[in-house]
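There are 2 protein chains.
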Amino acid sequence: GVAPAVHAQAAIRWRLASSFPKSLDTIYGYAEVFSKAVKAMTGGKFEISVHAGGELMPPFGVVDGVQQGTVELAHTVPYYFYGKNPAFALGSAVPFGFNARQMNAWMMHGNGRKLMNEFYGAYNIISFPGGNTGAQMGGWYRKEIKSPADFKGMKMRLGGGLIGEVMQKLGAVPQSIPGGEIYQALEKGTLDAAEWVGPYDDQKLGFHKVAPYYYYPGWWEGGPEISLYINQKAFDSLSADNKAIVEAAAGMAHGDMLAKYDALNPTALKQLLAAQAKVLRFSPAVLDASFKASMEVFAENDAKSPEWKKIYADMRTFQRDQILWFRVAEGHYDNFMAVQKI
Amino acid sequence: GVAPAVHAQAAIRWRLASSFPKSLDTIYGYAEVFSKAVKAMTGGKFEISVHAGGELMPPFGVVDGVQQGTVELAHTVPYYFYGKNPAFALGSAVPFGFNARQMNAWMMHGNGRKLMNEFYGAYNIISFPGGNTGAQMGGWYRKEIKSPADFKGMKMRLGGGLIGEVMQKLGAVPQSIPGGEIYQALEKGTLDAAEWVGPYDDQKLGFHKVAPYYYYPGWWEGGPEISLYINQKAFDSLSADNKAIVEAAAGMAHGDMLAKYDALNPTALKQLLAAQAKVLRFSPAVLDASFKASMEVFAENDAKSPEWKKIYADMRTFQRDQILWFRVAEGHYDNFMAVQKI
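Protein chains in written order, with our numbering: chain A, 1 to 342; chain B, 1001 to 1342.
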């Protein structure tokens, strides 16, 4: 027989700073799924407390928090930190980038995670997959968007610096407004439009009552990945088994979030339709103009940030092949099923 | 300070019977990713040896093996066991069923896993997610398939009993042939067509040289889930932390397989195209006839198996909502990207 192993291990207590409020239960929930799994796998010897955005530090202060070791972990969207370096955006989503599955393929079996972690090295950060929302919606508008010209002068709440730059090229005036204040601003008309996530999250904020035109697709977030950031020194200090436990918990919670969004979005969409939201497709002219504006911003980033340039080139090369494949079996299967009576 | 916990645990040695050969490295590889993670997370105290199809028992004997406790785990495709009860197929894929993400949504946040595990109770099995291939291809054909009439009398190698019944309604003659013998049968003409998986797996077997017409989509496998089956008593015997470790390892390996397929399929597809494979879309008439034949078989199963009837109804209800949502943001995003020059 094999002798039982005797194993002594000090308790570990870590803190995770989320960028999200608890009310975004799907996206915030990742951190809880993750930390519960770590606790269960270690019989309670490794506990990670989860703190909502603003509780320990501002929602957009979490990269500094992990970098300086104020907290061991953060759960956030990399493109929030576009201002530090455009390359952050490539860890989550860029306009006309990957869908969720393609992002996973690049991150897990392409160069994605490797290149992002090299980049994050300068911030003392190692990243793990932190969930994905799937393709988002294109936001709520007080008026119809019939042509690219309708973006001109439009005051729009946007989720990150990259889409802000693209929207500026289209003539819009990006606004940075906390989630809790968007509804009132749309109602008063100090804001003309706002993008948030998708039906499940958007419904809770009631935007359809004040800006009923709900456009798709959210071409700036075709499959945004959320990241789990861990302070490199803290991660290095873990035993090999705890490292593996963190990795597996992150991997499981990552898939769980997308499945949860996919399960919850349809009911919310139906309820929004019943509540008179006008769910409309961006016209080809609007998408084409948005695509062109995005490509201009990408070229500017190539000139500004060598880290962006290197990772972006790898991402687009990988994406070309992904699209080739997805438009064959996957795309035709989905398109056939989209019109069947089942 | 917190006192260090002292922890004694006997070593656990389990055996996993895979239904797959090692040459299918992507699908077989799930079991290795899973078992390596379990070993790493337990510091080597919980080891699962992985055995290729046929090594311990026939590839299709693994349900009996887990049921009887000959092995603790199996990694297999539930639809292989359609002959035991049609309901098995619902744990993997039915024609015109979910795509991979929709299957995850149903399994993880709909009733899918719960209903399947209730059903598996009669076999002393509890199931965990065992990977997904994504939408498969529709197989290799010696001649073009121009209309549903071309299926008549066609001897075709098929992967499971359900698609066999559907193909019989279309007039085809399903053949059960081991993977290693398909090439020769196609070359000799004793077989007219064969379906396998997708570009990455198919390319290795060289079918394009003897049956060059490669159709899509594989409407009988829009997003087949592979299952990890565990003997219920063996699972119940685990400590709470080892249960959580098994669950997280399965969850991580599950997402890893799909990402690996998505990363590998594009290059294989390009190489197959370069090697003169004729990659063609099934015509709408062929898909419509296949859809109709499938619905007939589903109705027959409703009459034959109460377990099928209950789970199938839940699955289709969930799928209706999934399709409603997927044809909005996700579908339009993918379709726009499919024709962009990036």
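Yeah, the Cβ is synthetic: ideal placement off N, Cα and C, and Gly gets one too.
List the residues of chain B whose Cβ lies closer than 8 Å to the Cβ of residue i, in chain order.
| i | result |
| --- | --- |
| Trp219(A) | Tyr1333, Phe1336 |
| Met154(A) | The premise fails here: Met154(A) is roughly 21 Å from chain B at the closest Cβ pair, so nothing lies under 8 Å. |
| Gly159(A) | Under the 8 Å cutoff, chain B gives no residues; its nearest Cβ is about 15 Å from Gly159(A). |
| Gly180(A) | In chain order: nothing, as chain B lies at least about 24 Å away. |
| Leu287(A) | Phe1336 |
| Gly198(A) | Ala1329 |
Am I right that residue i and residue j are in contact with their C-beta atoms under 8 Å? What's the rounded C-beta distance?
| i | j | result |
| --- | --- | --- |
| Asp256(A) | Val77(A) | Asp256(A) to Val77(A), Cβ: 17 Å. No contact. |
| Leu16(A) | Ser49(A) | 7 Å |
| Tyr28(A) | Lys22(A) | 5 Å |
| Pro224(A) | Asn132(A) | 7 Å |
| Leu1170(B) | Pro1086(B) | Contact flag wrong, Cβ pair sits at about 18 Å. |
| Gly222(A) | Ala93(A) | 7 Å |
| Leu228(A) | Ala193(A) | Contact doesn't hold; Cβ gap of about 31 Å is too wide. |
From the DSSP secondary-structure annotation, give me the bridge partner or partners of residue i.
| i | result |
| --- | --- |
| Lys278(A) | Tyr213(A) |
| Phe1291(B) | Looking at the DSSP assignment, Phe1291(B) forms no beta bridge with any residue, so it has no partner. |
| Arg1013(B) | Glu1047(B) |
| Lys155(A) | Val173(A) |
| Leu1273(B) | DSSP, once it has assigned bridges, lists no residue as partnering Leu1273(B). |
| Thr1076(B) | Ser1227(B) |
| Ser18(A) | His75(A) |
| Ala193(A) | Tyr141(A), Met156(A) |
What's the C-alpha gap between residue i and residue j?
| i | j | result |
| --- | --- | --- |
| Tyr90(A) | Tyr261(A) | Looking at the sequence itself, residue 90(A) is Leu, so the reference to Tyr does not match. The straight-line gap from Cα to Cα measures roughly 22 Å. |
| Gln184(A) | Gly1097(B) | 43 Å |
| Leu1205(B) | Ile1226(B) | 21 Å |
| Pro1129(B) | Lys39(A) | 21 Å |
| Trp1106(B) | Lys1310(B) | 14 Å |
| Pro58(A) | Trp220(A) | 24 Å |
| Ala277(A) | Tyr214(A) | 7 Å |
| Ile12(A) | Ala1248(B) | 20 Å |
| Val62(A) | Lys209(A) | 33 Å |
| Ser1290(B) | Tyr1082(B) | 19 Å |
| Met156(A) | Val246(A) | 38 Å |
| Lys341(A) | Asp1314(B) | 16 Å |
| Asp1201(B) | Gly112(A) | 24 Å |
| Val1199(B) | Ala1338(B) | For the record, residue 1199(B) in the displayed sequence is Pro; it is not Val. Cα to Cα, Pro1199(B) sits roughly 19 Å from Ala1338(B). |
| Glu258(A) | Thr1190(B) | In the sequence on display, residue 258(A) carries Leu and not Glu. So the two alpha carbons sit approximately 45 Å from each other. |
| Thr42(A) | Lys1243(B) | 11 Å |
| Lys270(A) | Gly1179(B) | 45 Å |
| Phe1336(B) | Leu238(A) | 45 Å |
| Ala1275(B) | Arg1281(B) | 18 Å |
| Ala1240(B) | Gly44(A) | 11 Å |
| His1109(B) | Lys1233(B) | 25 Å |
| Thr26(A) | Glu165(A) | 28 Å |
List the residues of chain A that residue i touches, going by C-beta distances under 8 Å, in chain order.
| i | result |
| --- | --- |
| Leu1324(B) | Pro266, Leu269, Lys270 |
| Ile1342(B) | Phe96, Arg316, Gln319, Arg320, Ile323 |
| Thr1042(B) | Asp241 |
| Arg1101(B) | Ala100, Arg101, Gly134, Leu258, Ala259, Asp262 |
Name the two residues that bound the continuous alpha helix (DSSP H) containing residue i.
| i | result |
| --- | --- |
| Ser35(A) | 25-41 |
| Glu1307(B) | 1306-1326 |
| Tyr1120(B) | 1112-1120 |
| Met1103(B) | 1100-1109 |
| Met337(A) | 329-337 |
| Tyr229(A) | From DSSP, Tyr229(A) is part of no alpha helix (DSSP H) but of the beta strand (DSSP E) over 225-231. |
| Val1066(B) | 1062-1067 |
| Pro150(A) | In the sequence as displayed, the identity of residue 150(A) is Asp instead of Pro. It is not in any alpha helix (DSSP H) - Asp150(A) carries neither H nor E in the DSSP assignment. |
| Ile182(A) | 182-188 |
| Leu1205(B) | 1199-1205 |
Counting only Cβ pairs nearer than 7 Å, list the residues of chain B close to residue i.
| i | result |
| --- | --- |
| Ile226(A) | Those do not exist, as Ile226(A) stays about 14 Å from chain B at its closest Cβ, beyond 7 Å. |
| Ala263(A) | Ala1105, His1109, Gly1110 |
| Phe291(A) | Gln1340 |
| Tyr120(A) | Going along chain B, no residue has its Cβ under 7 Å from Tyr120(A), so there is no contact; the nearest lies around 20 Å. |
What does residue i reach in chain A if we use C-beta pairs closer than 9 Å?
| i | result |
| --- | --- |
| Lys1260(B) | Ala105, Met108, His109 |
| Tyr1082(B) | Within chain A, no residue comes near Tyr1082(B); the closest Cβ sits about 20 Å away, beyond 9 Å. |
| Gly1251(B) | Ala37, Ala248, Ala249, Gly251, Met252, Ala253, His254, Gly255, Asp256 |
Just to confirm the assignment, what range does the beta strand (DSSP E) spanning residue i have?
| i | result |
| --- | --- |
| Phe46(A) | 46-51 |
| Gly1130(B) | 1125-1132 |
So which residues on chain B does residue i lean against when the C-beta distance must stay under 9 Å?
| i | result |
| --- | --- |
| Val279(A) | Val1328 |
| Met137(A) | Val1328, Ala1329 |
| Gly29(A) | Going along chain B, no residue has its Cβ under 9 Å from Gly29(A), so there is no contact; the nearest lies around 11 Å. |
If the cut is a Cβ gap below 7 Å, which residues of chain A does residue i touch?
| i | result |
| --- | --- |
| Ala1037(B) | Ala244, Ala248 |
| His1254(B) | Gly255 |
| Gly1131(B) | Correct list: empty, because the minimum Cβ distance to chain A is about 11 Å. |
Does the ligand GTP have even one heavy atom less than 6 Å from the beta-carbon of residue i?
| i | result |
| --- | --- |
| Ser1092(B) | Among the components of this structure there are no ligands whatsoever, and the ligand GTP is therefore not found. |
Are any of the Cβ atoms in chain D nearer than 7 Å to that of residue i?
| i | result |
| --- | --- |
| Tyr216(A) | Of the chains in the structure shown, none is chain D; the protein chains are A and B. |
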